[in-house]
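**Q**
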Ligand SMILES: [Zn+2]
């Protein structure tokens, strides 16, 4: 805790206000000042408006889960992409997180399925291959007649390392492994790439 931060119980309006500020401050990109501004906004809302917000959070946590096939986020057993009969079922694009699926879908050029790893191998953060959805990926390759795996991990050191690990893992499987072209700047992350860049990268994918 930095010296500027006050203890929740010491907030002049009382602990409930201090606690809400602390909660907002845990959100990505929200500093202490923004957390205070958001808290004042909630305090100025009607009770029903504020509770709608709380209910929306409760609702997503209750109803959203991982797709049992690809580990994308969904409110059903199987996500909308896996359930779509128009998708190419023999191509699977491997990404780190659900947000990458959203980014690639917005580019609008890919018609295959996905596999969400739920992270990347990161020894420094204690994330090993066993923490990713790799067993399920291998199972899909063996059972679902997949002819191509498109590596779309982030073009970072850890993303590249993860792609390399997976290509070794699938070495003896009868599947072609490609990866996105380097239209993407090294060190960038998929979710912040623009649509055109992602579309180029997907079209120009190469053999891994
Ligand atoms: Zn799915």
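Residue numbers (the working numbering): 5 to 212. From the three backbone atoms N, C-alpha and C, an ideal C-beta is built for every residue, glycine too.
Using a strict less-than 5 Å threshold between each residue's beta carbon and the heavy atoms of ligand 1, what residues do you get?
**A** Going by the Cβ distance cut-off, the answer is 71, 73, 74, 76, 83 and 86.
**Q** Kindly confirm or deny that the segment 92 to 111 and the segment 144 to 162 touch, where touching means at least three C-beta pairs closer than 8 Å.
**A** Contact between the segment 92 to 111 and the segment 144 to 162 is present: 3 or more CB-CB pairs across the two stretches fall below 8 Å.
**Q** Of the choices 32, 109, 179 and 89, whose alpha-carbon is the least far from that of residue 143?
**A** Numbered from its first residue, the chain shown carries residue 143 at position 139. Closest option to residue 143, Cα to Cα, is 179.
**Q** Quick one: what does DSSP say residue 137 is sitting in, helix, strand or coil?
**A** Within the chain shown, numbered from 1, the residue matching residue 137 stands at position 133. Of the three classes helix, strand and coil, the one that applies to residue 137 here is coil, per DSSP.
**Q** Going by CA-CA distance only, name the one from 72, 199 and 54 that's closest to residue 139.
**A** By 1-based counting over the chain shown, the position of residue 139 is 135. Of the candidates 72, 199 and 54, 72 places its Cα closest to the Cα of residue 139.
**Q** Could you spell out the range, first to last residue, of the beta strand (DSSP E) harbouring residue 175?
**A** If you number the chain shown from 1, residue 175 lands on position 171. Looking at the DSSP string, residue 175 is not in any beta strand (DSSP E), and its letter there is neither H nor E.
**Q** Run through DSSP, which three-state label would residue 5 get?
**A** By one-based count along the chain shown, residue 5 stands at place 1. Its pLDDT being 43, under 50, residue 5 is placed unreliably in this model, and the value from its coordinates should be taken loosely. Coil, per DSSP.
**Q** Cα separation between residue 145 and residue 86?
**A** Residue numbering aside, residue 145 sits at position 141 when the chain shown is read from its first letter. Residue numbering aside, residue 86 sits at position 82 when the chain shown is read from its first letter. For residue 145 and residue 86, the distance between alpha carbons rounds to 15 Å.
**Q** Buried or exposed, going by whether 16 or more other CB atoms sit within 10 Å of the CB of residue 16?
**A** In the chain shown, counting from the first residue as 1, residue 16 sits at position 12. Around the C-beta of residue 16, fewer than 16 other C-beta atoms lie within 10 Å, and the residue is accordingly described as exposed.
**Q** Here's a check: name, in chain order, each residue in its chain whose Cβ is nearer than 6 Å to the Cβ of residue 199, leaving out the five neighbours to either side.
**A** Taking the first residue of the chain shown as position 1, residue 199 is located at position 195. Result list for residue 199: 110 and 111, in chain order.
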